[in-house]
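The numbering of the sequence shown is this note's numbering, which starts it at 4 and goes up by one.
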Amino acid sequence: MVEFMTNWYITATLGEGAFGEVKLLHNTVTNESVALKILHFHEDATAETATTTSPTETTTTTSLQKQEAEKLIKKEVSIHQKLSHENIVKFHGSRMENNVWFLFLEYCDGGELYDRIDPDVGLIPHTLAHSFFSQIISGATYLHSLGICHRDLKPENILLSGERIKISDFGFSTMYRNEEGVERLLDTKCGTAPYLAPEVFYNSKYKAMPVDVWSVGIVLVAMLGGELPWDRADPATSPEYRSWRESTPTSTSPWNKFDLATLSFFKRLLCPLPGKRITFEQIADHAWMKKRLANKRKKDFHIPPPPLTLKRSKPNTISTTHQTLQHSPICCLSQPDPILMNSNPESLSPQKPHGNQIDMTKFSFSQPAANEILSEEVAPLSRRLVHRMTRFFVKNNSKECVKIVTGVLDEFCYQWKVFQEGRTVHVITITTVDRRKTPLVFKCTVIEVQDKGDAVLLDFRLSRGDGLEFKRHFLRIKDSLRDIELKIGAPLNWLIPF
Numbered sequence: 004m005v006e007f008m009t010n011w012y013i014t015a016t017l018g019e020g021a022f023g024e025v026k027l028l029h030n031t032v033t034n035e036s037v038a039l040k041i042l043h044f045h046e047d048a049t050a051e052t053a054t055t056t057s058p059t060e061t062t063t064t065t066s067l068q069k070q071e072a073e074k075l076i077k078k079e080v081s082i083h084q085k086l087s088h089e090n091i092v093k094f095h096g097s098r099m100e101n102n103v104w105f106l107f108l109e110y111c112d113g114g115e116l117y118d119r120i121d122p123d124v125g126l127i128p129h130t131l132a133h134s135f136f137s138q139i140i141s142g143a144t145y146l147h148s149l150g151i152c153h154r155d156l157k158p159e160n161i162l163l164s165g166e167r168i169k170i171s172d173f174g175f176s177t178m179y180r181n182e183e184g185v186e187r188l189l190d191t192k193c194g195t196a197p198y199l200a201p202e203v204f205y206n207s208k209y210k211a212m213p214v215d216v217w218s219v220g221i222v223l224v225a226m227l228g229g230e231l232p233w234d235r236a237d238p239a240t241s242p243e244y245r246s247w248r249e250s251t252p253t254s255t256s257p258w259n260k261f262d263l264a265t266l267s268f269f270k271r272l273l274c275p276l277p278g279k280r281i282t283f284e285q286i287a288d289h290a291w292m293k294k295r296l297a298n299k300r301k302k303d304f305h306i307p308p309p310p311l312t313l314k315r316s317k318p319n320t321i322s323t324t325h326q327t328l329q330h331s332p333i334c335c336l337s338q339p340d341p342i343l344m345n346s347n348p349e350s351l352s353p354q355k356p357h358g359n360q361i362d363m364t365k366f367s368f369s370q371p372a373a374n375e376i377l378s379e380e381v382a383p384l385s386r387r388l389v390h391r392m393t394r395f396f397v398k399n400n401s402k403e404c405v406k407i408v409t410g411v412l413d414e415f416c417y418q419w420k421v422f423q424e425g426r427t428v429h430v431i432t433i434t435t436v437d438r439r440k441t442p443l444v445f446k447c448t449v450i451e452v453q454d455k456g457d458a459v460l461l462d463f464r465l466s467r468g469d470g471l472e473f474k475r476h477f478l479r480i481k482d483s484l485r486d487i488e489l490k491i492g493a494p495l496n497w498l499i500p501f
């Protein structure tokens, strides 16, 4: 652990992005926790402005220099600090030291929404989709009541605290209505392609509210159907979207999974004409929102078991390195990538530290101002368990498991690299492309579990890319390891971060 300020220690890395990292900050006296978003800029730092020239993903057309990058983070802070709603991640405060921004945010123990979505199935039970969507609409309606457009609503930016939805990451958000109630049209093409409204692609300017309505409509498709309907809402490049725009396809997936009432609701949410698209106020009054969805697929959710005792050993002193992710400055679950070995036999030695890595030992915030930021209500220790569905136990010790897992990765032609943290913990970074040919990076933490004898926990999490695609790859790898999987009874949706 690294002491960040008096009694507050950095205990885990929760995420990383083009501009920085998200750390778990824990108070050893009060047992409270917050998420610490660290955004740092060097003289040569650049950011990515997401545009929509590629048919499958957002791409880069403009490099933003240091001053512009700082302007973006100041804008994010100015918007986020205005917000106070039960379905919005709480903003505790911010500080800036030595060109590094520190944002203190509510820590959400439930992880990201995509983790709860089964590929090609959706949320189980489906009644959860109704509950979660109602909360998403509540949070989004609140944002637009303040004249704020999020512009990147997707399962990766929607967190869970228990069963409560929390909208996060306001890096692309903007104010579109002034104090006099006058609205402006938006012109920046930003966001994530499968969730973007069609007018963002082909109009030079567009209205704010309809694009967020479209995005939550795609999120609902994912929650109910376990898949995305198209790569992007462009009739010239997507036959799936063209079919939707011209008719109501009831025989093709995902639309054949829904009843007529739900299809009718989607026609309002995903109306190609922004002027005829349903508004957030109308969504709240829609008949679909007022009914309880039939629970066709029943599956009990169990209370997480108490944590096992994990073997801990002092990490080796190794220079850390990670690649700058060539996409928006959105932080998603990840860790830095120190290398000990990888899938390239000619590159087995540690690399030099990456320029964007921060040595946290250089910062010491013991001043009263820093502690005042965290004097508000923060998450207690009882809520520090990170809930995740992509983990399971296997037989053997950690070193042997690393060999077995990397062997499976080689069979599937993944690129991988391993970092060893002490004697019993390894982190495997896995790189590939998804079905849309966009980059997908995820990690597998291999941990020996003391309470279970000869057992190892494999904990997978997304680093970069689409959450549903990550879940598909996880299930394929898990199936290949079924011969050594251990069944321990209760579902593993917990893990103390470290």
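Ideal placement from N, C-alpha and C gives every residue a C-beta, glycine not left out.
Since the structure is predicted, the reported quantities are computational estimates derived from the model, not experimental observations.
Here serine 176 is buried, its C-beta having at least 16 other C-beta atoms within 10 Å. Excluding its 5 nearest sequence neighbours in each direction, lysine 210 has C-beta neighbours in its own chain below 6 angstroms: Pro277, listed in chain order. The beta carbon of glutamate 230 lies closer than 6 angstroms to those of Asp123, Pro257 in the same chain, with the five residues before and after it left out.
In this structure valine 185 is not in contact with glycine 194, their Cβ atoms being roughly 24 angstroms apart against a cut-off of 8 angstroms. Between alanine 200 and proline 213, the beta carbon gap of about 6 angstroms places them in contact (Cβ cut-off 8 angstroms). Approximately 4 angstroms separates the beta-carbon atoms of valine 92 and serine 171; this is inside 8 angstroms, confirming the contact. Taken in chain order, the complete alpha helix (DSSP H) segments of 4 residues or longer contained in the segment 126-192 are 130-148. Here the C-alpha atom of arginine 187 lies approximately 8 angstroms from the C-alpha atom of asparagine 181. Beta-bridge analysis with DSSP links leucine 461 to Phe395, Val449. With respect to the C-alpha of isoleucine 281, the residue from Ala287, Ala290, Leu478, Arg271 having the closest C-alpha is Arg271.
The alpha helix (DSSP H) runs of length 4 or more contained entirely in the segment 63-106 are, from start to end of the chain, 69-83. An exposed status is given to aspartate 262, since fewer than 16 other beta-carbon atoms sit within 10 Å of its beta-carbon. When secondary structure is reduced to three states using DSSP, tryptophan 258 falls in the helix class. Exclusion of the five residues before and after arginine 475 leaves Pro122 as the residues of its chain whose Cβ lies within less than 6 angstroms of its Cβ. Bridge partners of tryptophan 419 according to DSSP: Ile433.
According to the DSSP assignment, leucine 28 belongs to the beta strand (DSSP E) that extends over 23-30. In the displayed model, histidine 43 falls within a strand according to three-state DSSP. In the displayed model, isoleucine 480 falls within a helix according to three-state DSSP. Bounds of any beta strand (DSSP E) do not take in valine 124, whose DSSP letter is neither H nor E. A distance of 8 angstroms or more separates the beta carbons of lysine 398 and leucine 478. Around the Cβ of alanine 239, a 10 Å sphere holds fewer than 16 other Cβ atoms; the residue is exposed.
Straight-line measurement puts the Cα of glycine 125 at about 16 angstroms from the Cα of arginine 391.
Apart from sequence neighbours up to five positions away, the residues of its chain that approach tyrosine 244 with a beta-carbon distance below 8 angstroms are Pro201, Pro232, Trp233, Arg235, Ala236, Asp237, Pro238, ordered along the chain. Take tryptophan 104, set aside five residues on each side of it, and the residues of its chain with a beta-carbon closer than 6 angstroms to its own are Leu42, Ile76, in chain order.
For tyrosine 205, the number of other beta carbons within 10 angstroms of its own is below 16, and it is reported as exposed. For glutamate 6, the enclosing beta strand (DSSP E) starts and ends at 5-8.
Between leucine 39 and phenylalanine 107, the CB-CB gap stays under 8 angstroms.
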